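Note sheet for the following structure.
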Ligand SMILES: NC(=O)CC[C@H](N)C(=O)O
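In mature numbering (1 follows the signal peptide of the UniProt record, and there is no 0), the protein residues as written are 1 to 341.
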């Protein structure tokens with residue numbers, strides 16, 4: 001008999017996946033099967049979620065940890081940091097091959113980007129939610145969670161960044177956004193999904209190119225808190241009060257969720273220049289959601305010392321700004337970071 005190859009035992013054993021549960025609709029419960037939108041989120045404990053899917057054991061050795069039990073709109077920076085530290089610690093263990101995070105869908109895109117930026121591992125990290133509670137007709141959580149475990153257990157998922165499995169698709173956590181508040185097809189990205197999960201198998205068609213994970217300059221092991229960043233939403237007939245109040249309340253940076261190309265009303269320019277002169281970072285994003293904001297288009301960013309958010313929507317720009325500010329307040333450096341990540 002041939003001697004076993006080194007690592008052969010690890011290759012033969014089933015992948016080991018840890019499910020970190022944080023709440024959301026995927027752990028929600030309603031009174032009736034007809035309740036697809038009226039229910040309580042964050043009710044069902046992780047062990048029950050796992051027990052409801054006995055087939056998971058064919059894919060991976062699965063165990064669960066209840067990290068939080070909340071709706072995702074209630075996530076704060078403290079919880080983001082706590083979750084990312086747990087993910088990073090688990091992925092350093094040889095007996096953990098991948099992580100699944102069950103999450104409310106409202107701020108899932110923020111958490112997915114945050115983990116992409118600060119967890120320096122190539123092992124798969126999959127964030128998953130559902131649009132309907134498990135008690136509803138055509139509930140989507142069981143398949144989404146199964147797809148998440150399949151994706152986390154797949155060697156093909158390594159090095160592809162934080163992933164999101166919703167509605168049969170595998171999306172890049174950096175890019176994906178919740179765009180519809182009431183359909184299972186809620187999650188999409190302007191750059192398209194990376195692949196799909198079909199009948200318990202991953203099929204990839206593309207991979208992300210942005211800096212992340214092991215090639216990131218940020219590391220959750222050295223981050224214990226995040227600075228305050230505010231978003232001000234653009235519209236017609238604005239007031240400067242939202243900007244000045246945010247700074248008075250401690251915001252170090254303001255994401256201007258501008259109209260169109262991140263445009264700034266002429267009557268607001270002096271306010272934003274004045275805030276920048278006194279030290280607040282001004283980062284232009286767009287309320288449009290898709291496309292990307294270019295430097296010195298619409299506004300002379302070089303002259304005003306402002307930064308543009310590139311293709312990140314306002315809520316994602318807020319996450320990258322907060323992470324970047326843990327290292328630098330220099331606008332050239334911040335702009336480099338917004339181009340690279
Ligand atoms: N579909 C959902 O998960 C939304 C429920 C809740 N608002 C949350 O984000 O946790």
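Yeah, the Cβ is synthetic: ideal placement off N, Cα and C, and Gly gets one too. Predicted, not measured: the structure shown is a model, and the values here were computed from it.
So what does residue 171 bridge to, in DSSP terms?
Looking at the DSSP assignment, residue 171 forms a beta bridge with 164.
Since residue 257 and residue 229 are thought to touch, with beta carbons under 8 Å apart, how far apart are those beta carbons, to the nearest angstrom?
Contact flag wrong, Cβ pair sits at about 12 Å.
Residue 91 to residue 102, Cα distance in whole Å?
So the two alpha carbons sit approximately 17 Å from each other.
I'd like to know if the segment 158-172 and the segment 33-46 are in contact, where contact means that at least 3 CB-CB pairs between them fall below 8 Å.
Not touching, per the Cβ criterion.
Between 126, 174, 250 and 68, which lies nearest to residue 151 when the distance is taken from Cα to Cα?
Ranking 126, 174, 250 and 68 by Cα distance to residue 151 puts 126 first.
Contact check, residue 28 vs residue 37 under 8 Å by CB: the rounded distance?
Actually they are not in contact, since the Cβ atoms of residue 28 and residue 37 sit about 11 Å apart, beyond 8 Å.
Tell me where the beta strand (DSSP E) around residue 229 begins and ends.
Run containing residue 229: 229-233, per the beta strand (DSSP E) assignment.
By alpha-carbon positions, which one of 312, 77, 86 and 30 ends up nearest to residue 20?
Out of 312, 77, 86 and 30, 86 has the C-alpha closest to the C-alpha of residue 20.
Can you check whether the CB of residue 243 is closer than 8 Å to the CB of residue 281?
Cβ distance not < 8 Å, so residue 281 and residue 243 don't count as in contact.
In chain order, what residues of the same chain have a beta carbon less than 7 Å from the beta carbon of residue 67, not counting five sequence neighbours either side?
20, 21, 22, 83 and 86, listed in sequence order.
What distance in whole Å lies between the Cβ atoms of residue 177 and residue 289, which are believed to be in contact at a cut-off of 8 Å?
That belief holds up - the Cβ atoms of residue 289 and residue 177 are roughly 7 Å apart, short of 8 Å.
Short of 7 Å in beta carbon distance, which residues of its chain neighbour residue 50, apart from the five on each side in sequence? Order them along the chain.
If we look at residue 50 and ignore the five residues flanking it on each side, its Cβ neighbours are 19, 56, 62 and 64.
Residue 177: beta carbon under 7 Å from a heavy atom of ligand 1?
Every heavy atom of ligand 1 is 7 Å or more from the Cβ of residue 177, so no.
Hey, how far is the Cα of residue 185 from the Cα of residue 128?
Taking the straight line from one Cα to the other gives about 13 Å.
Is the segment 248-264 touching the segment 284-301, taking contact as three or more C-beta pairs under 8 Å?
In short, these stretches touch, since the Cβ pair count reaches three.
Can the beta-carbon of residue 319 be found closer than 8 Å to that of residue 187?
No. Outside cutoff.
Tell me the DSSP secondary structure of residue 21 in three-state form.
Note: residue 21 maps to strand in three-state DSSP.
Among the residues of its own chain, which have a CB less than 7 Å from the CB of residue 253, if the five just before and after it don't count?
Once the five neighbours on either side are set aside, the close Cβ partners of residue 253 are 229, 280, 281, 283, 321 and 325.
Give the straight-line distance between the Cα atoms of residue 343 and residue 31, rounded to the nearest whole angstrom.
Beyond the ends of the chain as shown, which are 1 and 341, falls residue 343; an answer cannot be given.
Taking the C-alpha atoms as reference points, what is the distance between residue 79 and residue 123?
Between residue 79 and residue 123, the C-alpha separation is close to 22 Å.
Pick out whichever of 222, 181, 99 and 17 has its Cα sitting closest to the Cα of residue 25.
Nearest C-alpha to residue 25: 181.
Quick check on residue 332: buried or exposed, where buried means 16 or more other Cβ atoms within 10 Å of its Cβ?
Label assigned to residue 332: exposed.
Which residue from 219, 148, 72 and 16 puts its Cα closest to that of residue 94?
Nearest of 219, 148, 72 and 16 to residue 94, Cα basis: 16.
Which residues share a DSSP beta bridge with residue 256?
Looking at the DSSP assignment, residue 256 forms a beta bridge with 232 and 284.
Inspect the beta-carbon positions of residue 312 and residue 77 and report whether they are closer than 8 Å.
No, these two residues do not count as a Cβ contact at 8 Å.
Got a sec, what are the start and stop residues for the alpha helix (DSSP H) residue 114 sits in?
That run of the alpha helix (DSSP H) goes 108-118.
Compute every distance between the C-beta of residue 134 and the non-hydrogen atoms of ligand 1, then say whether any falls below 7 Å.
It does not: the Cβ of residue 134 is nowhere closer than 7 Å to a heavy atom of ligand 1.
May I have the straight-line CA-CA distance separating residue 1 from residue 206, to the nearest angstrom?
Residue placement at residue 1 cannot be trusted, given a pLDDT of 47 that sits under 50; what the coordinates show is reported in the next sentence. C-alpha separation (whole angstroms): 41 Å.
Could you give the residue range of the alpha helix (DSSP H) that holds residue 319?
314-325 is the span of the alpha helix (DSSP H), which, as asked, contains residue 319.
Considering just the uninterrupted stretch of the alpha helix (DSSP H) at residue 85, what are its terminal residues?
Counting along the chain, the alpha helix (DSSP H) containing residue 85 begins and ends at 77-91.
Can we count residue 156 as close to ligand 1, meaning its CB is less than 7 Å from some heavy atom?
Checking every heavy atom of ligand 1 against the Cβ of residue 156, none is found closer than 7 Å.
With respect to 7 Å, is the separation between the Cβ of residue 215 and the closest non-hydrogen atom of ligand 1 below this value?
It does not: the Cβ of residue 215 is nowhere closer than 7 Å to a heavy atom of ligand 1.
Would you say residue 209 and residue 168 are within 8 Å of each other, going by their C-beta atoms?
Not in contact: residue 209 and residue 168 (Cβ atoms no closer than 8 Å).
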